[in-house]
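Read through the structure below, which is laid out as structure tokens, and then see the notes.
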RNA sequence: GGUCCCUUCGUCUAUCGGUUAGGACAUCUGGUUUUCAACCAGGAAAGAGGGGUUCGACUCCCCUAGGGACUGCCA
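Residue numbers (my numbering): 2 to 511.
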């Protein structure tokens with residue numbers, strides 16, 4: 002092993018004096034480092050959750066860093082959207098977010114230090130030259146695909162081009178032409194291999210010879226991502242890097258920087274990406290990739306999202322419902338799965354339903370009232386629904402369904418009868434309904450128990466079961482919309498609305 | 001093309017050489033019932049394929065197939 006990698010025992014045996022106080026104290030520091038490309042991706046949210054949980058589980062710190070080194074693509078709006086998504090999920094950082102762009106000078110300083118130490122060198126090879134090399138390789142690949150085979154010369158040329166890049170200027174004896182614009186390039190050894198002991202991916206080795214000599218500092222003096230992550234992680238005292246496994250191979254590119262600077266290496270965990278229900282990498286085509294859609298459109302609760310996302314790729318025996326405190330107590334890196342998991346909205350629904358039922362009535366109502374369908378309603382209807390929230394929240398899997406379950410409380414008289422509800426309303430039923438009305442009119446206190454008592458009494462006096470009147474009542478009151486217990490429906494609608502709905506149909510039938 | 005990774009019921013997963021391969025969601029059947037929902041009971045449902053190693057393999061090794069990541073002066 003090339004003096005690095007990390008062992009599975011936790012923050013690596015930091016040989017020498019730890020240069021960072023956190024390591025001295027063995028305090029865990031994790032970070033989530035999104036690039037501001039517009040919104041918080043659901044997969045990123047899960048990664049953030051893992052980082053957050055691990056920090057909490059170990060009594061450490063969870064930090065945020067915005068990777069905005071690409072100024073072209075970074076906007077304040079995107080940064081705000083990501084922070085907003087994180088905050089909604091309750092995954093705010095323990096310190097204000099670090100903006101990577103503000104640290105360019107420090108990055109450059111490290112690049113020059115690496116040159117001084119011989120771990121990197123100035124290189125005048127241009128991006129265009131490199132691109133030409135890749136283009137030529139691609140051309141030969143296409144030729145091979147088209148013609149089935151290649152001449153020996155072409156095959157050799159292609160093999161050569163496909164090899165990891167080695168600049169002629171890596172040889173210290175070869176002086177850079179005076180005046181030439183240069184980048185600072187990382188020097189990769191030609192022999193030996195690097196080993197990473199990743200908590201998720203296991204112990205994986207890669208030959209240095211398979212690694213490109215990547216650019217650390219661009220010709221304009223700005224740092225590349227590969228340099229910036231390492232410097233920032235080091236300076237921020239990050240002990241545990243938990244990130245998407247699309248970065249796994251990048252680890253092998255970054256480790257030489259730690260080695261060149263003689264910095265202790267962090268512990269790595271590369272978690273698999275989330276796939277769509279069809280098993281393909283999650284993309285916009287699948288719908289909901291941005292977490293704000295889960296909140297604003299799909300109507301899920303943040304605690305449900307945390308629970309669901311946690312179970313996607315992590316497990317603790319047979320446990321499914323894992324509230325935050327339990328998650329913090331149980332979370333560990335070794336419970337993470339290696340294979341990508343698919344998003345399953347049906348399961349998310351069931352988890353969310355659980356948390357909706359537990360949630361405070363006022364909170365559920367407040368969340369629901371922010372939705373567009375709520376904004377279209379009048380004051381009476383809203384207060385009716387507010388009063389019904391406790392009875393309705395446990396019946397819906399999300400706020401969209403909550404709307405559906407609350408529909409019977411909105412004013413739509415005369416109620417249009419749907420499907421089975423219409424079938425209930427025959428002449429006999431109308432007549433019975435008409436005889437019921439006076440009995441209910443006698444109810445002084447329009448409350449659920451009083452209504453129930455009146456209904457029971459009515460059934461006894463007429464020697465019928467509730468089954469004879471219940472379905473009809475339900476039909477005229479709700480039109481077939483989902484609704485709870487019939488006495489509760491009467492109570493929730495309020496005396497006036499209930500009678501109005503009943504009268505509409507009682508009279509119509511004579 | 002190269003390097004690396006992945007593969008247990010439809011889905012998320014348990015199992016860490018010996019189990020009737022367990023749980024959850026979904027699904028199906030039955031029950032309860034004032035529609036839908038909820039609830040209760042029960043059922044069906046899995047180790048990608050092929051070779052090894054072993055007394056014994058879902059577990060270890062190899063090959064194949066399928067999927068994925070990386071291969072930028074993007075992050």
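Just so it is clear, CB atoms sit at the ideal spot from N, CA and C, and this is done for glycine as well.
Fair warning: this is a prediction, and the values are worked out from it, not measured in the lab.
Sequence-distant residues of the same chain with beta carbon closer than 6 Å to residue i, five excluded per side
{"i": "residue 406", "result": "393, 396, 397, 483"}
{"i": "residue 220", "result": "182, 184"}
{"i": "residue 291", "result": "40"}
{"i": "residue 296", "result": "89"}
{"i": "residue 309", "result": "349, 352"}
Coarse secondary structure for residue i, derived from DSSP in three states
{"i": "residue 419", "result": "coil"}
{"i": "residue 264", "result": "coil"}
{"i": "residue 323", "result": "coil"}
{"i": "residue 465", "result": "coil"}
{"i": "residue 431", "result": "helix"}
{"i": "residue 406", "result": "helix"}
{"i": "residue 376", "result": "helix"}
{"i": "residue 200", "result": "coil"}
{"i": "residue 208", "result": "strand"}
{"i": "residue 78", "result": "helix"}
{"i": "residue 31", "result": "strand"}
{"i": "residue 269", "result": "strand"}
{"i": "residue 91", "result": "coil"}
{"i": "residue 315", "result": "strand"}
{"i": "residue 65", "result": "strand"}
{"i": "residue 245", "result": "strand"}
{"i": "residue 282", "result": "strand"}
{"i": "residue 343", "result": "strand"}
{"i": "residue 392", "result": "helix"}
{"i": "residue 214", "result": "coil"}
{"i": "residue 99", "result": "strand"}
{"i": "residue 337", "result": "strand"}
{"i": "residue 478", "result": "helix"}
{"i": "residue 14", "result": "For residue 14, the predicted model reports a pLDDT of 26, less than 50, meaning its position is unreliable; a value from the coordinates is still stated below. Three-state result, residue 14: coil."}
{"i": "residue 424", "result": "helix"}
{"i": "residue 118", "result": "coil"}
Per-residue burial, residue i [other beta carbons within 10 Å of its own, 16 or more giving buried]
{"i": "residue 176", "result": "exposed"}
{"i": "residue 322", "result": "exposed"}
{"i": "residue 266", "result": "buried"}
{"i": "residue 493", "result": "buried"}
{"i": "residue 419", "result": "exposed"}
{"i": "residue 324", "result": "exposed"}
{"i": "residue 399", "result": "buried"}
{"i": "residue 35", "result": "buried"}
{"i": "residue 363", "result": "exposed"}
{"i": "residue 1", "result": "Residue 1 falls outside the range modelled here, since the chain spans only 2 to 511, and no answer is possible."}
{"i": "residue 286", "result": "exposed"}
Assumed close pair residue i, residue j - CB separation to whole angstroms, cut-off 8 Å
{"i": "residue 456", "j": "residue 47", "result": "Between residue 47 and residue 456 the Cβ distance is about 50 Å, and since that is not below 8 Å, they are no contact."}
{"i": "residue 123", "j": "residue 334", "result": "39 Å between Cβ atoms; not a contact."}
{"i": "residue 249", "j": "residue 54", "result": "With a Cβ gap of about 21 Å, residue 249 and residue 54 do not count as contacting."}
{"i": "residue 108", "j": "residue 228", "result": "5 Å"}
{"i": "residue 300", "j": "residue 365", "result": "Incorrect: roughly 10 Å between the Cβ atoms, too far for contact."}
{"i": "residue 231", "j": "residue 305", "result": "About 36 Å; that fails the 8 Å criterion."}
{"i": "residue 336", "j": "residue 416", "result": "Not quite, the Cβ-Cβ distance comes to about 52 Å (not below 8 Å), so this is no contact."}
{"i": "residue 473", "j": "residue 430", "result": "4 Å"}
{"i": "residue 98", "j": "residue 189", "result": "Actually they are not in contact, since the Cβ atoms of residue 98 and residue 189 sit about 32 Å apart, beyond 8 Å."}
{"i": "residue 142", "j": "residue 339", "result": "Not confirmed; about 31 Å, so no contact."}
{"i": "residue 344", "j": "residue 277", "result": "6 Å"}
{"i": "residue 37", "j": "residue 75", "result": "5 Å"}
{"i": "residue 171", "j": "residue 261", "result": "At roughly 14 Å, the Cβ-Cβ gap does not stay under 8 Å, so residue 171 and residue 261 are not in contact."}
Within 8 Å, strictly: CB atoms of residue i and residue j
{"i": "residue 206", "j": "residue 214", "result": "no"}
{"i": "residue 505", "j": "residue 414", "result": "yes"}
{"i": "residue 478", "j": "residue 496", "result": "no"}
{"i": "residue 114", "j": "residue 64", "result": "no"}
{"i": "residue 382", "j": "residue 404", "result": "no"}
{"i": "residue 186", "j": "residue 212", "result": "no"}
{"i": "residue 507", "j": "residue 435", "result": "yes"}
{"i": "residue 209", "j": "residue 192", "result": "yes"}
{"i": "residue 138", "j": "residue 162", "result": "yes"}
{"i": "residue 223", "j": "residue 105", "result": "yes"}
{"i": "residue 489", "j": "residue 459", "result": "no"}
{"i": "residue 245", "j": "residue 271", "result": "yes"}
Cutoff 8 Å; reference residue i; Cβ partners in own chain excluding five residues on either side
{"i": "residue 204", "result": "6, 196, 197, 198"}
{"i": "residue 178", "result": "125"}
Other residues of its chain near residue i: CB distance less than 7 Å, five sequence neighbours each side excluded
{"i": "residue 33", "result": "48, 49, 52, 65"}
{"i": "residue 29", "result": "55, 56, 59, 61, 240, 241"}
{"i": "residue 391", "result": "362"}
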